[in-house]
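Student: Counting with my numbering, you get residues 9 to 404 for the letters of the sequence shown. Have a look at the structure that comes next, please.
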Amino acid sequence: MTVDHTSPSRAVVEATGLVERHVADLDDPVAFLGAQFDAGLAWVHFPEGHGGRGWSRSAQAEVNRVLSEAGAPDGYARNPIGHGMAAATIMAWGDEAQRDRYLRPLWTGEEIWCQLFSEPGAGSDLATVRTRAVRDGDEWVINGHKIWTSMAHHARWAILLARTDPEQPKHRGLTYFICDMRAAGVEVQPLRQITGEAEFNEVFLTDVRLPDTLRVGAVGDGWRVAQTTLGNERVAIGARPEPREGGMAGLTAELWRGRPDRRSHGLHRRLLHGWVSAEAARLAGERLRQLMEMGAPGPEGSASKLAFARVNQELSSLAVEILGEDGLRFRDYTMTRPTHFAFFGKDPTWDYLRSRANSIEGGTSEVLKNIIGERILGLPREPAGDRNIPWKDIPR
């Protein structure tokens, strides 16, 4: 694909024109996001006809800025797994029929996606997944148990990693699928979190039949396909475009300004440290997006996600301390199953509780440190005695 290094000014003109033509649809997310996709302003670096223009990735920041200032709907919040992981994977590894079928309703949020990767015995070491996919003619029969699946209760489709050849070493016997969450044999059960919500789920797959047309990439090549998903996941979490003093940094600073009665030298020092850390992470994320002009996300995405988790946890903790006794008052522990995804922004106490998951989801901080050490710093790889033996022979 030839990349058109479009000037930011052209991106601004195109985005402004989109808003002017569809101003009546700003309060209708599906209609506006559909128009944005059709205009090629969804993922501008994608090819024409698939939500893009074949432009440079950098033009997307200007498009997003214009749309945000106009009050346009945020598709990521409606469908974070679809936007942040599935789309890039389908674009990179899917066939033309899959791109035509899934990308537009994924972008508009008409079809929500979830991620069937982690299992009770395969989280940090994802390559040890036990969910089996056995071929039966033109279909695959899936049996297994997935866990920590965000928004599975609301999802129409899932990206699924399953083992198709237990005779191969753990990284080589995997295949990647699109899973129909409405298929017979798919059961979703809520996992209640510390916030009271059940955003996470566990998913049981019992004799689920998927046609071979839902396979993404070659049989046995699932680990390489999954690396595209994981790389984009870490960028989506840790390097989303944010304005200065955006995200948790902005929420905490606003809280500080509104509570002069709670100010102290110690809290002020922590706020300044957190603000600077957030700004450094934001600029590093901008640099990462520039590097992505040259290809798919690299291991630098792990550093951005690691920084996001640390900064978000520190700032959300500070916000609760600024509130003092009020920070102990939580609005409600009634179990709910949300329809939209959020890392923060509901209230300071919820933000603090939700942030505890940041160092686990999208790759644990410990695993990301290993990736940074091995792939960026060039440190020796951790010993792994099971890397080259058949998966079926790995002790469990």
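C-beta atoms are modelled at their ideal positions from N, C-alpha and C, and glycine is treated no differently.
#1: Out of Ala85, Val31 and Leu361, state which residue places its alpha-carbon closest to the alpha-carbon of Arg248.
#2: Which same chain residues end up closer than 7 Å to Met9 when comparing Cβ atoms and leaving out the 5 residues on each side of it in sequence?
#3: Could you tell me the distance, in whole angstroms, from the CA atom of Phe316 to the CA atom of Phe352?
#4: Please return the same chain residues whose Cβ sits closer than 6 Å to the Cβ of Ala50, not counting the five positions on each side in sequence.
#5: Are the CB atoms of Ala244 and Ala286 nearer to each other than 8 Å?
#6: Which residue marks the beginning of the alpha helix (DSSP H) containing Phe40, and which one marks its end?
#7: Reducing DSSP to helix, strand and coil, say where Trp148 ends up.
#8: How long is the line joining the alpha carbons of Ile89 and Pro388, rounded to whole angstroms?
#9: Would you tell me roughly how many angstroms separate the C-alpha atoms of Gly228 and Arg180, rounded to the nearest one?
#10: Give the range of the beta strand (DSSP E) segment to which Arg86 is assigned.
#11: I'd like to check one pair, Ile150 with Val216: are the Cβ atoms closer than 8 Å?
#12: Using C-beta distances below 6 Å, list every residue in its chain close to Arg362, excluding the 5 sequence neighbours before and after it, in chain order.
#13: For the stretch 343 to 359 against the stretch 266 to 284, are there 3 or more C-beta pairs whose distance is under 8 Å?
#14: Give the DSSP-derived three-state secondary structure of Arg143 in the structure shown.
#15: Any heavy atom of the ligand ZN closer than 7 Å to the beta-carbon of Val194?
#16: Measuring only the C-alpha atoms, how far is Val137 from Ile384?
#17: Closest to Val233 by C-alpha separation, out of Asp103, Asp35, Lys400 and Asn396, would be which residue?
#18: Taking the straight line between their C-alpha atoms, what separation do you get for Pro81 and Met159?
#19: How many Å lie between Ala191 and Gly371 at the Cα?
#20: Using a Cβ-Cβ cut-off of 6 Å (strictly less than) and excluding sequence neighbours within five positions of Gly42, which residues of its own chain qualify?
Tutor: According to the data block:
#1: The residue among Ala85, Val31 and Leu361 with its C-alpha nearest the C-alpha of Arg248 is Ala85.
#2: At Met9, the pLDDT of 41 sits below 50, so the modelled position is not reliable and the matter cannot be decided from this model.
#3: Phe316 and Phe352 have their C-alpha atoms some 12 Å from each other.
#4: Within the same chain, Ala50 has close Cβ partners Gln44, Gly59 and Trp115.
#5: Result no, Cβ atoms of Ala244 and Ala286 do not sit closer than 8 Å.
#6: Membership of Phe40 in the alpha helix (DSSP H) is indicated by the continuous run Pro37 to Asp46.
#7: Shown here, Trp148 sits in a strand according to DSSP, grouped into three states.
#8: Roughly 33 Å between the two C-alpha positions.
#9: A straight-line Cα-Cα distance of about 6 Å links Gly228 and Arg180.
#10: In this chain, Arg86 is not harboured by any beta strand (DSSP E); it is covered by the alpha helix (DSSP H) spanning Gly83 to Arg86.
#11: Going by C-beta atoms, Val216 is nearer than 8 Å to Ile150.
#12: Excluding its 5 nearest sequence neighbours in each direction, Arg362 has C-beta neighbours in its own chain below 6 Å: Thr203, listed in chain order.
#13: Fewer than three pairs of CB atoms, one per stretch, sit closer than 8 Å, so the stretch 343 to 359 makes no contact with the stretch 266 to 284.
#14: Here Arg143 carries a strand assignment [DSSP, helix/strand/coil].
#15: Absent from the structure shown: the ligand ZN. Ligands present: none.
#16: Roughly 26 Å between the two C-alpha positions.
#17: Among Asp103, Asp35, Lys400 and Asn396, the Cα nearest to that of Val233 is on Asp103.
#18: Their Cα atoms are separated by approximately 19 Å.
#19: If I take the Cα positions, the gap works out to 28 Å.
#20: Within the same chain, Gly42 has close Cβ partners Thr116.
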